[in-house]
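Protein chains: 2
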Amino acid sequence: MAATTVIRNIGSLATGDPQLGPGPLGVLRDAALVIDGERVAWVGPTGLAPAADTALDAEGRAALPGFVDSHSHLVFAGDRTEEFNARMSGRPYSAGGIRTTVAATRAASDAELAATLDRHVREALRQGTTTLETKSGYGLTPEEEARALRIAATRLEEVTYLGAHVAAPEYADDVAGYVDLVTGPMLDACAPHARWVDVFCERGAFDGDQARAVLTAGVARGLLPRVHANQLTYGPGVQLAVELGAASADHCTHLTDADVAALAAGSTVATLLPGCEFSTRADYPDARRLLDAGVTVALSTDCNPGSSFTSSMPFCVAVAVREMGMTPDEAVWSATAGGAAALRREDVGRLRPGARADVVLLDAPSHVHLAYRPGVPLVTDVWRRGERVWHR
Amino acid sequence: MAATTVIRNIGSLATGDPQLGPGPLGVLRDAALVIDGERVAWVGPTGLAPAADTALDAEGRAALPGFVDSHSHLVFAGDRTEEFNARMSGRPYSAGGIRTTVAATRAASDAELAATLDRHVREALRQGTTTLETKSGYGLTPEEEARALRIAATRLEEVTYLGAHVAAPEYADDVAGYVDLVTGPMLDACAPHARWVDVFCERGAFDGDQARAVLTAGVARGLLPRVHANQLTYGPGVQLAVELGAASADHCTHLTDADVAALAAGSTVATLLPGCEFSTRADYPDARRLLDAGVTVALSTDCNPGSSFTSSMPFCVAVAVREMGMTPDEAVWSATAGGAAALRREDVGRLRPGARADVVLLDAPSHVHLAYRPGVPLVTDVWRRGERVWHR
Chain A
0 MAATTVIRNI
10 GSLATGDPQL
20 GPGPLGVLRD
30 AALVIDGERV
40 AWVGPTGLAP
50 AADTALDAEG
60 RAALPGFVDS
70 HSHLVFAGDR
80 TEEFNARMSG
90 RPYSAGGIRT
100 TVAATRAASD
110 AELAATLDRH
120 VREALRQGTT
130 TLETKSGYGL
140 TPEEEARALR
150 IAATRLEEVT
160 YLGAHVAAPE
170 YADDVAGYVD
180 LVTGPMLDAC
190 APHARWVDVF
200 CERGAFDGDQ
210 ARAVLTAGVA
220 RGLLPRVHAN
230 QLTYGPGVQL
240 AVELGAASAD
250 HCTHLTDADV
260 AALAAGSTVA
270 TLLPGCEFST
280 RADYPDARRL
290 LDAGVTVALS
300 TDCNPGSSFT
310 SSMPFCVAVA
320 VREMGMTPDE
330 AVWSATAGGA
340 AALRREDVGR
350 LRPGARADVV
360 LLDAPSHVHL
370 AYRPGVPLVT
380 DVWRRGERVW
390 HR
Chain B
0 MAATTVIRNI
10 GSLATGDPQL
20 GPGPLGVLRD
30 AALVIDGERV
40 AWVGPTGLAP
50 AADTALDAEG
60 RAALPGFVDS
70 HSHLVFAGDR
80 TEEFNARMSG
90 RPYSAGGIRT
100 TVAATRAASD
110 AELAATLDRH
120 VREALRQGTT
130 TLETKSGYGL
140 TPEEEARALR
150 IAATRLEEVT
160 YLGAHVAAPE
170 YADDVAGYVD
180 LVTGPMLDAC
190 APHARWVDVF
200 CERGAFDGDQ
210 ARAVLTAGVA
220 RGLLPRVHAN
230 QLTYGPGVQL
240 AVELGAASAD
250 HCTHLTDADV
260 AALAAGSTVA
270 TLLPGCEFST
280 RADYPDARRL
290 LDAGVTVALS
300 TDCNPGSSFT
310 SSMPFCVAVA
320 VREMGMTPDE
330 AVWSATAGGA
340 AALRREDVGR
350 LRPGARADVV
360 LLDAPSHVHL
370 AYRPGVPLVT
380 DVWRRGERVW
390 HR
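Just so you know, the sequences run in chain order A and B. Positions 0 to 391 (numbering that gives the first Met the number 0) are the ones given, in order, by the first sequence. Positions 0 to 391 (numbering that gives the first Met the number 0) are the ones given, in order, by the second sequence.
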């Protein structure tokens, strides 16, 4: 029989289930939560909590679901600190962009890539992220992309094949040829190791027709589609994502009214990545416009060494509230249940009976403090699949 | 004889002293630092480091001076989470502003106020802040202001008398009478417990003549002046600060060319508080304009429960780079040596022989990561006066 744990005296418990408490976050006050093995067994008032093998007093602190970070790029090597420093200092720098990281990643050993990924997974966990998606996309050959996915898949459940990040340097003048590779031999090598297929649909990367070819080829091999869409410019990515039933269109920074209407009518989540706009001094996506149109919005870090090197979901929540017109409740929902929707997961992102026991405790009386206290490391305890994996 | 410690293999050591290394931060690569008792005894290349009683391997991590947070309001009680939540959610809320906190603070016991202050000092320390100024200003009677300062002075070196935060509720219709109190009996009660005198010079608080009266009365009692100036509107605060030789003019959000010229010609530091603009969705001060004019700029949190409830100097660095035109080097300088200048301190904010051994180690190869990795808790180790007070 699995061990049970009861966490009592939770000042504010964001269940993420509107049937359990007020608002979209379903917030319970003076609550308790019972963990049985890997699952949540019970939530309710502390006074009614059943006994358990272990009891923990939250002393009025807030609890919320572990963050679901549905978009990161963490199989990489190399150091781009000086590129960032030059960009923010107004100094010229002959940056190679993604290709800088591609060269370093190809040159790294499996052990180096694994160690860097492990370090970032652990860093994210300390900040409350219990579900983390990551992608290939810095290898750009069949062997290198498959290697990245194998390394990721031994550590994470949510792994995405992004051979179509940019055309490999060897194909700089033959993007069509690179798409043939991505949809042919590279897909053969990668499909067994991934759940998702993704493409960077953007001027300078892959156009709408190329993106469609990448996604449909992946779907034909049993992968589920998601799209880097409408980040730097307006384009066909969002509407293609909706048409193909992609789980998520990520970035969504430049949207026409037709794009918003398509998202509202479809089942595709709009995943917003404010760390990227923060770190590139770009304009933020308009979350309010999407929410008001009825679109499901997720928040994610886009953690990568080029455009957004934050692993902090609390930071993304705070910036989304400051800059993107989200309320604190909406931002926390998008960083938990929203991320789960972007990964088509029902078992994470909410704290209700039957859900995975992925629980975060804050050194604060309410989840609102994630926006109210920007930058402050508030996460004191993290349970993942019922196991307490971080305690400060 | 005091114990000595050598920290070796520091990937990047920001000394803050341009005589020790390149740039205003005086950065040394592959460096070592020797602590002797409470002081820095030596900095230089790891290969030349002398032996010491204890040796620690930084394994390539970055070291920098402990942050000097020269502006906070941490003697308070009460909870304003719902006021913040309503403001960011666009919901009406009959907020009492500072007066809400005044009522709660007056009602709190000494022990409650001390416990809250201790918690925030500890929280700041974990984020690398080794010198922290704090103020009275939520008591607004002679007894309550003196109580706040006594509590602060037993914990912190830098304590500021801010009886002139706003007029006490009892004097809402008699600000002149309140100024008489602040410059008379309240000053008598408070002067023994503070180093600094401060005033909120702003429409709705105290005008230029009232601010001058408060500051000159404080100076006559041996206190050193600093000013809350030009936060919400243009006004006389900055020029008054320069005229009186104040150590710092804090906020500096709305500045005329004459204000900038006065700061450049005087000895007053411009202390910018980006957490405040972040949390109130206000326009940021223009650090670039000040730096280009030759003004000394400090960064600080303004940590308080109303307008800026962050205690995170790393967060302020990141926002200053994103929003205020500072380079990462400038922002880190302003958060360390700049804060020291704003407190007229020579012994903190730099890591050179003779300075206090207030040292921060980062889980990163460079101080640039404070801006490059926003929101990520990078501080792994903190020494204060030579004692290792935090280790993750």
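From the three backbone atoms N, C-alpha and C, an ideal C-beta is built for every residue, glycine too.
Partner residues on chain B for residue 270 of chain A, Cβ-Cβ distance less than 8 angstroms: Neighbours of residue 270 of chain A on chain B: none; closest Cβ ~18 angstroms, over 8 angstroms.
Same chain, Cβ closer than 7 angstroms to residue 370 of chain A, five either side skipped, listed in chain order: Only residues of its own chain outside the window of five on either side were considered, and among them 316, 317, 320, 327 and 330 have a CB closer than 7 angstroms to the CB of residue 370 of chain A, listed in chain order.
Proximal residues to residue 57 of chain A (C-beta, below 8 angstroms), its chain only, five neighbours per side dropped: For residue 57 of chain A, the CB contacts under 8 angstroms within the same chain, skipping 5 residues up- and downstream, are 6, 7, 8, 9, 10 and 360 in chain order.
Sufficient close CB pairs (3 or more, under 8 angstroms) joining the stretch 100-113 of chain B to the stretch 69-80 of chain B: Proximity of the stretch 100-113 of chain B to the stretch 69-80 of chain B meets the contact definition, three or more beta-carbon pairs being nearer than 8 angstroms.
Classification of residue 111 of chain B by the beta-carbon crowding that lies within 10 angstroms, buried from 16 upward: Exposed.
CA-to-CA distance, residue 384 of chain B to residue 47 of chain A, given in whole angstroms: If I take the Cα positions, the gap works out to 49 angstroms.
Short-range partners of chain A found in the stretch 75-100 of chain B, where Cβ spacing is below 9 angstroms: Flagged, chain order: 78, 79, 80, 81, 83, 84, 87, 88, 89 and 90.
Whole-angstrom C-beta distance between residue 70 of chain A and residue 231 of chain A, which should lie under 8 angstroms: Not a contact, Cβ separation roughly 16 angstroms.
Closer than 8 angstroms to chain A by CB, residue 280 of chain B: For residue 280 of chain B, the answer is yes, since a Cβ of chain A falls inside 8 angstroms of its Cβ.
Member of B/290, B/257 and B/313 whose CA lies at the smallest distance from the CA of residue 237 of chain B: Cα-wise, what sits closest to residue 237 of chain B is B/257.
Environment of residue 390 of chain B [buried if 16+ CB atoms lie within 10 Å]: Exposed is the label assigned to residue 390 of chain B, since fewer than 16 other Cβ atoms lie within 10 Å of its Cβ.
For residue 75 of chain B, the three-state DSSP class (helix, strand or coil): Correct three-state label for residue 75 of chain B: coil.
Contact with chain A by residue 66 of chain B, beta-carbon distance below 8 angstroms: Judged by the 8 angstroms Cβ criterion, residue 66 of chain B is not in contact with chain A.
Sequence-distant residues of the same chain with beta carbon closer than 7 angstroms to residue 216 of chain A, five excluded per side: Correct list, in chain order: 182 and 186.
Coil, strand or helix - residue 251 of chain B by DSSP: Residue 251 of chain B: coil per DSSP, three-state reduction.
Residue span of the beta strand (DSSP E) that contains residue 390 of chain A, given as start and end: DSSP places residue 390 of chain A inside the beta strand (DSSP E), whose first and last residues are 386-390.
Start-end ranges of the alpha helix (DSSP H) lying completely within the stretch 234-286 of chain B, minimum 4 residues: List check, alpha helix (DSSP H) in window: 236-242, 256-264 and 273-279.
For residue 157 of chain B, the residue or residues it bridges with in DSSP: B/132, per the DSSP bridge assignment.
Buried or exposed (CB count within 10 angstroms, at least 16 for buried), residue 135 of chain B: By the 10 Å Cβ count, residue 135 of chain B comes out buried.
Those runs of the alpha helix (DSSP H) which lie wholly inside the stretch 171-223 of chain A and span at least 4 residues: At a cut-off of 4 residues, the continuous stretches assigned as alpha helix (DSSP H) that sit fully inside the stretch 171-223 of chain A are 174-182, 184-189 and 207-219.
Integer Cβ distance of residue 127 of chain A from residue 313 of chain A, believed to fall under 8 angstroms: Yes, they are in contact, since the Cβ atoms of residue 127 of chain A and residue 313 of chain A sit about 7 angstroms apart, within 8 angstroms.
Members of the stretch 323-350 of chain A that neighbour chain B once the beta carbon cut-off is set at 8 angstroms: The stretch 323-350 of chain A vs chain B, Cβ under 8 angstroms: 326, 327 and 328.
Cβ separation of residue 67 of chain B and residue 294 of chain B, assumed to be a contact under 8 angstroms, to the nearest whole Å: In fact, because the Cβ distance is near 17 angstroms, the residues do not count as touching under 8 angstroms.
Interface flag, residue 309 of chain B vs chain A, CB-CB below 8 angstroms: So yes, residue 309 of chain B belongs to the interface.
Proximity below 8 angstroms, CB of residue 218 of chain B to CB of residue 239 of chain B: With respect to residue 239 of chain B, residue 218 of chain B sits apart: the two C-beta atoms are not nearer than 8 angstroms.
Any C-beta of chain B under 8 angstroms from that of residue 367 of chain A: Put simply, the CB of residue 367 of chain A is near chain B, with a gap under 8 angstroms to one of its CB atoms.
Neighbourhood of residue 382 of chain A by C-beta, 6 angstroms cutoff - its chain only, sequence neighbours within 5 removed: Within the same chain, residue 382 of chain A has close Cβ partners 356 and 358.
Under the three-state DSSP convention, the category residue 365 of chain A falls into: Looking at residue 365 of chain A - three-state DSSP - the assignment turns out to be coil, as it is neither helix nor strand.
Euclidean distance between Cα positions of residue 147 of chain A and residue 311 of chain B: Whole-angstrom Cα-Cα distance: 35 angstroms.
Three-state class that DSSP yields for residue 307 of chain A in the structure shown: Here residue 307 of chain A carries a strand assignment [DSSP, helix/strand/coil].
Residue 2 of chain A vs residue 53 of chain A beta-carbon contact at 8 angstroms: Residue 2 of chain A is a Cβ neighbour of residue 53 of chain A, given a cutoff of 8 angstroms.
Which listed residue (A/35, A/19 and A/34) has its alpha carbon closest to that of residue 28 of chain A: Measuring from the Cα of residue 28 of chain A, the nearest candidate turns out to be A/19.
Chain-ordered chain A contacts of residue 122 of chain B [CB-CB under 7 angstroms]: Contact note: residue 122 of chain B reaches chain A through 375, using a C-beta cutoff of 7 angstroms and chain order.
Span of the beta strand (DSSP E), counted from its first residue to its last, around residue 8 of chain A: Per DSSP, the continuous beta strand (DSSP E) segment holding residue 8 of chain A begins and ends at 3-13.
Option in A/164, A/50, A/247 and A/214 with minimal Cα separation from residue 137 of chain A: Closest in C-alpha terms to residue 137 of chain A, from the list A/164, A/50, A/247 and A/214, comes A/164.
Per-residue burial, residue 121 of chain A [other beta carbons within 10 Å of its own, 16 or more giving buried]: That one is exposed.
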